[in-house]
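For the sequence shown, the positions run 1 to 170 when UniProt numbering is used.
All C-beta atoms in this analysis are idealised placements derived from N, C-alpha and C, irrespective of residue type, glycine included.
Heads up: the structure comes next, in structure tokens.
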Amino acid sequence: MTSQRWMLAFCFSLASGTIGEIKKYILLQTYTCRTFGSGVVQPFSGSSFYVRSNCPFTLTRFTHNRVECDITTRRGDNGLLVRVEIIINKVRTVVQNGSILTNFIIKLHIICYITLHIHDWKGAGVSLPYDHTYQHIFHYGIYTKLKSSLLPLSVTWHDVPGGIDSLRVS
1 MTSQRWMLAF CFSLASGTIG EIKKYILLQT YTCRTFGSGV VQPFSGSSFY VRSNCPFTLT
61 RFTHNRVECD ITTRRGDNGL LVRVEIIINK VRTVVQNGSI LTNFIIKLHI ICYITLHIHD
121 WKGAGVSLPY DHTYQHIFHY GIYTKLKSSL LPLSVTWHDV PGGIDSLRVS
């Protein structure tokens, strides 16, 4: 091969790597839902919108391969998220007041619910990194990340004094 052909092949390999990275970035952006402390919600698809309420708000709810997922948030008066509840396959994880609490939910006879505590709800919660059969919670730089082993799902958040200022579901 001549030097011109080598140079051309090198340029094509660089361009294809860049195009691949752009495709990966676009794909990641397509399957990401975000909310910020100001009240802005950026859904998986469609335009961003503003929610200013301290009522519980369902960020996402879906079923994938017969595994249910439900993510509910609640904002405080300052606009920051004060509670995030993540339920994956009947394992509830609550992020509140800088603590991470988790437990199992068992459904009996459709009406009665029993909660088996892994950690006391009034206690300090889980310590990181936390590895469970269904989920892993760990520090991710300045963020905290929950990755599900049952779903193609991760939830990433940033704690600040007074609440959570950003939450991303991808």
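- prompt: Is C69 helix, strand or coil when you go by DSSP?
  reply: strand
message: Suppose only complete runs of 3+ residues qualify. What are the beta strand (DSSP E) ranges in the region 45 to 104, listed by chain order?
response: 57 to 64, 67 to 75, 81 to 88, 91 to 96
message: Report the start-end ranges of each beta strand (DSSP E) in the region 126 to 166 that is 3 residues or longer and not cut off at the edges.
response: 135 to 140, 143 to 148, 154 to 160
message: At the level of alpha carbons, what is the spacing between G39 and G163?
response: 13 Å
Per-residue burial, R75 [other beta carbons within 10 Å of its own, 16 or more giving buried]: buried
- prompt: Which partner residues of T35 appear in the DSSP bridge assignment?
  reply: V41, L167
message: Which same chain residues end up closer than 6 Å to F44 when comparing Cβ atoms and leaving out the 5 residues on each side of it in sequence?
response: C33
Proximity to H64 [Cα-Cα], best of S149, L167, H158, D159: S149
message: With distance defined between alpha-carbon atoms, name the residue in I88, I137, L80, V169 nearest to L51.
response: Here residue 51 turns out to be Val, not Leu, going by the sequence shown. Of the listed residues, the one whose Cα sits closest to V51 is L80.
task: With a threshold of 16 other CB atoms inside 10 Å of the CB of D159, please say whether the residue is buried or exposed.
output: buried
message: Could you tell me the alpha carbon to alpha carbon distance between V82 and S99, rounded to whole angstroms?
response: 11 Å
task: Take the Cβ of T102 as the centre, count every other Cβ of all protein chains shown within 10 Å, and call the residue buried at 16 or more, exposed below.
output: buried
Close Cβ partners of P129 (< 8 Å) along its chain, the five nearest in sequence each way excluded: H136, I137, F138, H139
Backbone CA spacing between I142 and R66 [nearest angstrom]: 33 Å
message: Using only CA atoms, which one of Q96, T35, P56 lies nearest to S47?
response: T35
Local Cβ density within 10 Å of T133, reported as buried at 16 or more and exposed below that: exposed
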